[in-house]
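K.L.:
The structure that follows is given in the form of structure tokens.
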Amino acid sequence: MDCKATVNIGDYSRGGKTRGDNKAADHEMGCKEKYIPFGVLDEDSGQVYLTFGSSSKTSDFIVDSLCRVWEQMPSADKDACQCIQIKADNGPESSGIRTQFLKRMVEFANHTGKTVHLLYYPPYHSKYNPIERCWGILEQHWNGTQLKDAETLLEWAKTMTWKGINPMVEFSRKVYEKGVTLSKKSYGGC
């Protein structure tokens, strides 16, 4: 799983070239519409799940997206699953020391009824996370496309392929509060 850099929506050149007759703005004068991409790659099936959030990159956004991925997975895959291994890059929103993230991951484990193993890559090694390769494919796929609105963004994301499979794409308009933490008393910490 991984969150990527925010995608700006508008008449931006995205590398200087555009597909079609659309004119790109020659200066980025402040973007009003931005989306946060979050992705999960099921390494067993090769299925990619993408969620584009319109709010903030938070622990709650990540775990809510994981819950939606779990609900979309075929029942046979869920039944065959003994435990869930989640590979993460230890970014600020998914860090193993963030109380809100850990609380929500416990809720996710309880929801799925499976044991969850969080596997963190060391600093500067997230490039080995398989979902990172999917981000590169997505960037190449929509390179030169003016992502003028959310609909264009989602449609281009849906037509990308990873190992011959189109991703499952969702859009989240839920507003997430930044900076949510738990007190030591509320989670039984020392």
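Just so you know, we're using this note's numbering here: the sequence shown kicks off at 265 and counts up by one. The beta carbon of each residue, even a glycine, is placed where N, CA and C say it ideally should be.
#1: Between which residues of its own chain and Leu446 is the CB-CB distance below 7 Å, once the five residues before and five after are set aside?
#2: Spatial neighbours of Leu305 within its chain, please: C-beta separation below 7 Å, excluding the five flanking residues on both sides.
#3: For Asn407 and Lys448, what's the separation of their Cα atoms in angstroms?
#4: Alpha carbons only, please: which of Asn354, Thr423, Ala340 and Glu371 is nearest the one belonging to Asp324?
#5: Look at the alpha carbon of Lys412 and the alpha carbon of Gly274, and state the distance between them as a whole number of angstroms.
#6: From Leu402 to Asp353, what distance separates their C-alpha atoms?
#7: Let me know the secondary structure DSSP gives Gln410 once reduced to three states.
#8: Helix, strand or coil for Leu446? Go by DSSP, reduced to three states.
#9: Between the alpha carbons of Glu415 and Leu383, how many angstroms are there, rounded?
#10: Taking Met369 as the reference, which of Ser329, Asp308 and Met424 has the closest Cα?
#11: Can you give me the Cβ contacts of Asp341 inside the same chain, cut-off strictly under 7 Å, excluding the 5 residues immediately before and after it?
#12: What did DSSP end up calling Thr270 once you bin it into helix, strand or coil?
#13: Rounded C-beta distance between Lys314 and Pro431? I'm assuming under 8 Å.
#14: Leaving aside the five residues before and after Gln336 along the sequence, list all residues of the same chain whose C-beta is less than 6 Å from its C-beta, in chain order.
P.N.:
Taking the definition as stated:
#1: Within the sequence shown, residue 446 is the residue found at index 182, counting from 1. Counting only Cβ-Cβ distances below 7 Å, and skipping sequence neighbours, we find Thr363, Gln364 and Lys367.
#2: Here residue 305 corresponds to residue number 41 of the sequence shown, with the count starting at 1. Contacts found: Val312, Pro394, Ile395 and Cys398.
#3: Along the sequence shown, one-based indexing puts residue 407 at 143. Along the sequence shown, one-based indexing puts residue 448 at 184. Asn407 and Lys448: Cα-Cα distance of roughly 46 Å.
#4: Here the question's residue 324 lines up with position 60 in the sequence shown. For the residues Asn354, Thr423, Ala340 and Glu371, the minimum Cα distance to Asp324 belongs to Glu371.
#5: On the sequence shown, residue 412 is found 148 positions in, with the first residue counted as 1. On the sequence shown, residue 274 is found 10 positions in, with the first residue counted as 1. Going by the C-alpha atoms only, they are around 4 Å apart.
#6: Start at 1 with the first residue of the sequence shown, and residue 402 comes out as number 138. Start at 1 with the first residue of the sequence shown, and residue 353 comes out as number 89. Computed Cα separation, rounded: 19 Å.
#7: Taking the sequence shown and counting its residues from 1, the one referred to as residue 410 is at position 146. It is coil, neither helix nor strand.
#8: Here the question's residue 446 lines up with position 182 in the sequence shown. Three-state DSSP puts Leu446 in coil, outside helix and strand.
#9: Numbered from 1 along the sequence shown, position 151 holds the residue referred to as residue 415. Numbered from 1 along the sequence shown, position 119 holds the residue referred to as residue 383. In a straight line, the C-alpha of Glu415 is about 34 Å away from that of Leu383.
#10: The count along the sequence shown starts at 1 and reaches residue 369 at position 105. Considering only alpha carbons, the answer is Ser329.
#11: Here residue 341 corresponds to residue number 77 of the sequence shown, with the count starting at 1. Only Ser309 meet the Cβ criterion.
#12: Stepping through the sequence shown from its first residue, residue 270 is reached at position 6. Residue state, collapsed to three classes: coil.
#13: Position 50 of the sequence shown holds residue 314. Position 167 of the sequence shown holds residue 431. The residue asked about is misnamed: residue 314 is Leu in this sequence, not Lys. Their Cβ separation, rounded to whole angstroms, is 5 Å, which keeps Leu314 and Pro431 in contact under 8 Å.
#14: For the purposes of this step, residue 336 is identified with residue 72 of the sequence shown, where counting begins at 1. Same-chain partners within the cutoff: Met432.
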